[in-house]
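Engineer: To start, I am sharing the structure in question, which I have written as structure tokens.
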Amino acid sequence: DQLWSTSLVAAIAARARRAACLVAFNQRDRKFALWAGLRTAAPVVVHVGNQHRFHGPRLWRWFKEKIYGFYIRRASLLVCTSPTVEAEMLERFGTDPARTVTLPNGIEVDRFEKMAKLERASLGVSEQAILALNLGRLAPQKGQDLLLEALARVEEPRLHLLLVGQPAHGSPGYGSGLRELAARLGIGQRVHFLGWRDDVAELLGTADFFVASSRWEGSPLAVLEAMAAGLPVLYTDCSGRLGGFEDGVHGQTVATGQVEPLARGLSALARLTPEQRRQSGLAARQLVRQNYDVVSITGPRFVALIEALLKRSSPAESATARD
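All residue numbers for the sequence shown refer to the working numbering, where the first residue is 689 and numbers rise by one.
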């Protein structure tokens, strides 16, 4: 969480002298990797996984955004997880189009091939319930408040929502606010706050479909994992539509930040028969296997990007690209 650390930059630079390339994934670490790259002439690859939000007073947010843009433009290569993220880097932060590319997130699809199931009674729901699963920290970004508002508009009484996750560090009151909202909307008996769980695979195997109500994202891994587990998915278009995804085949995409489209999506997936949901889930799994498997698709593409960078970068120019 440090704004700056000269000693950390020096330590990274010392190691970087023995490395062909530096790769930074965490937003808080990028500035250190980039300045270490400048000190060593090692090329620096930055993986940009999400759209950006800066916190604090207005002037402080403005300052952080300007500083971030200043150092992020010095990356040798920016690998963005969606076209939406790439567009933000180009338009908001002024990065070089020649050094800014999109490569979606990938997952190990085989890990989700056969999911064990939980006893529904252990979750407080009946065998007849239709279970929608939401995974992620409880935070305004994830839009669980919109999801509760949408659920309240769905007339199917068998539809229950499993919320898995803890309140985010910066939003400690959001979780309790969700409980109050569920009670106020009269859906408290159909919303199950499960908190932190280490049996996510089993939850995926138990749910009937997956829902992501985020206000902003990069390329949501949870959606890909749910699809790999054989679930139809309902998700907002905050980061665009997954390549190859078709509404009515793999699930539904809905407009970001709007309750009514989300409610219609919930209703549509709840109305499907179990066999229709199974077929949709199989199609979703196949789509992920063909396009987002980290072993056979996205991982090799990431390696190829770095290899191409190393071939065209000389030590003198790699991390010192002009602003």
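We treat Cβ as the ideally placed atom computed from N, Cα and C, and that holds for glycine.
1. So which of Gln-739, His-735 and Phe-898 has the shortest CA-CA distance to Gly-794?
2. Answer with buried or exposed for Val-842, where buried requires no fewer than 16 other C-beta atoms within 10 angstroms of its C-beta.
3. Excluding the five sequence neighbours on either side, which residues of its own chain have a C-beta within less than 7 Å of the C-beta of Gln-816, listed in chain order?
4. From Leu-821, Ile-875, Ala-895 and Ala-943, pick the residue whose C-alpha is nearest to that of Cys-926; which is it?
5. Nearest CA to the CA of Ala-900: which residue from Pro-828, Ala-870 and Thr-961?
6. Run through the DSSP bridge pairs and tell me what Gln-940 is partnered with.
7. I'd like to check one pair, Ala-707 with Leu-821: are the Cβ atoms closer than 8 Å?
8. Helix, strand or coil, according to DSSP, for Gly-928 in the structure here?
9. Buried or exposed: which applies to Trp-884, given that a residue is buried once 16 or more other Cβ atoms fall within 10 Å of its Cβ?
10. Could you check which residue in Pro-771, Gly-744, His-740 and Ser-764 has the C-alpha nearest to that of Tyr-756?
11. Which of helix, strand or coil does DSSP assign to Ala-1009?
12. Can you give me the Cβ contacts of Thr-790 inside the same chain, cut-off strictly under 6 Å, excluding the 5 residues immediately before and after it?
13. With 16 as the cutoff for other CB atoms within 10 Å, does Leu-970 come out buried or exposed?
14. Can Glu-867 and His-848 be called in contact, C-beta distance under 8 Å?
15. Within the chosen definition, does the stretch 961-969 reach the stretch 916-932 through at least 3 CB pairs nearer than 8 Å?
16. Kindly identify the DSSP beta-bridge partner or partners of Gly-883.
17. Whole angstroms are fine: how far does the CA of Thr-941 sit from the CA of Val-947?
18. If the criterion is Cβ atoms closer than 8 Å, does the pair Arg-825 and Ala-870 meet it?
19. Closer than 6 Å by C-beta to Lys-830: which residues in its own chain qualify, once you throw out the five before and the five after it? Chain order, please.
20. Does Asp-981 come out as helix, strand or coil in the three-state DSSP assignment?
21. Using a Cβ-Cβ cutoff of less than 6 Å, which residues in the same chain neighbour Ala-1009 once the five nearest sequence positions on both sides are dropped?
22. Can you tell me which of the three DSSP states Phe-781 falls into?
23. Looking at Leu-722: is its Cβ nearer than 8 Å to the Cβ of Arg-762?
24. Starting from the N-terminal side, write out each stretch of the alpha helix (DSSP H) that is 4 residues or longer and does not extend beyond the stretch 890-919.
Structural biologist: Here's the rundown:
1. As a working note, residue 794 is residue 106 in the sequence shown. Considering only alpha carbons, the answer is His-735.
2. In the sequence shown, counting from the first residue as 1, residue 842 sits at position 154. Its Cβ being crowded by 16 or more others within 10 Å, Val-842 is buried.
3. Sequence index remark: in the sequence shown, residue 816 carries index 128 (1-based). Taken in chain order, the residues that qualify are Arg-846.
4. One-based indexing of the sequence shown puts residue 926 at position 238. Of the listed residues, the one whose Cα sits closest to Cys-926 is Ala-943.
5. Here residue 900 refers to the residue found at position 212 when the sequence shown is read from its first residue. Minimum Cα distance to Ala-900 is reached at Pro-828.
6. Sequence index remark: in the sequence shown, residue 940 carries index 252 (1-based). Beta-bridge pairing links Gln-940 to Leu-922.
7. Working through the sequence shown from its first residue, we reach residue 821 at position 133. Working through the sequence shown from its first residue, we reach residue 707 at position 19. It is not a contact, given that the beta carbons lie outside the stated cut-off.
8. By one-based count along the sequence shown, residue 928 stands at place 240. In this structure, Gly-928 counts as strand in the three-state DSSP scheme.
9. Start at 1 with the first residue of the sequence shown, and residue 884 comes out as number 196. Taking all protein chains in view, the Cβ of Trp-884 is surrounded by fewer than 16 other Cβ atoms within 10 Å, so the residue is classified as exposed.
10. Within the sequence shown, numbered from 1, the residue matching residue 756 stands at position 68. Among Pro-771, Gly-744, His-740 and Ser-764, the Cα nearest to that of Tyr-756 is on His-740.
11. Counted from its first residue, the sequence shown places residue 1009 at position 321. Confidence is the limiting factor: at Ala-1009 the pLDDT is only 43, short of 50, which leaves the residue's position unreliable, though a coordinate-based value still follows. In the three-state scheme derived from DSSP, where H, G and I count as helix and E and B as strand, Ala-1009 is classed as coil.
12. Translated into positions along the sequence shown, residue 790 becomes position 102. For Thr-790, where only same-chain residues beyond five positions count, the Cβ hits under 6 Å are Cys-768, Pro-771 and Glu-774.
13. Numbered from its first residue, the sequence shown carries residue 970 at position 282. Flag for Leu-970 reads exposed.
14. By 1-based counting over the sequence shown, the position of residue 867 is 179. By 1-based counting over the sequence shown, the position of residue 848 is 160. According to the sequence shown, residue 867 is Arg rather than Glu. No.
15. Result yes; three or more Cβ-Cβ pairs closer than 8 Å.
16. Your numbering for residue 883 matches position 195 in the sequence shown. Answer by DSSP bridge pairing, in chain order: Val-852.
17. The sequence position of residue 947 within the sequence shown is 259, counting from 1. The sequence position of residue 941 within the sequence shown is 253, counting from 1. Going from the Cα of Val-947 to the Cα of Thr-941 covers about 13 Å.
18. Your numbering for residue 825 matches position 137 in the sequence shown. Your numbering for residue 870 matches position 182 in the sequence shown. Result no, Cβ atoms of Arg-825 and Ala-870 do not sit closer than 8 Å.
19. The residue labelled residue 830 in the question sits at position 142 within the sequence shown. The residues are Gly-824 and Ser-902.
20. Translated into the one-based positions of the sequence shown, residue 981 becomes position 293. Reduced to three states, the DSSP call for Asp-981 is strand.
21. Residue numbering aside, residue 1009 sits at position 321 when the sequence shown is read from its first letter. Only weak support exists for where Ala-1009 lies, its pLDDT of 43 falling under 50; the coordinates are left without a value.
22. Numbered from its first residue, the sequence shown carries residue 781 at position 93. Collapsing the DSSP output to three states places Phe-781 in coil.
23. Taking the sequence shown and counting its residues from 1, one reaches residue 722 at position 34. Taking the sequence shown and counting its residues from 1, one reaches residue 762 at position 74. For the pair Leu-722 and Arg-762, the CB atoms are nearer than the 8 Å cut-off.
24. You should have 909-916.
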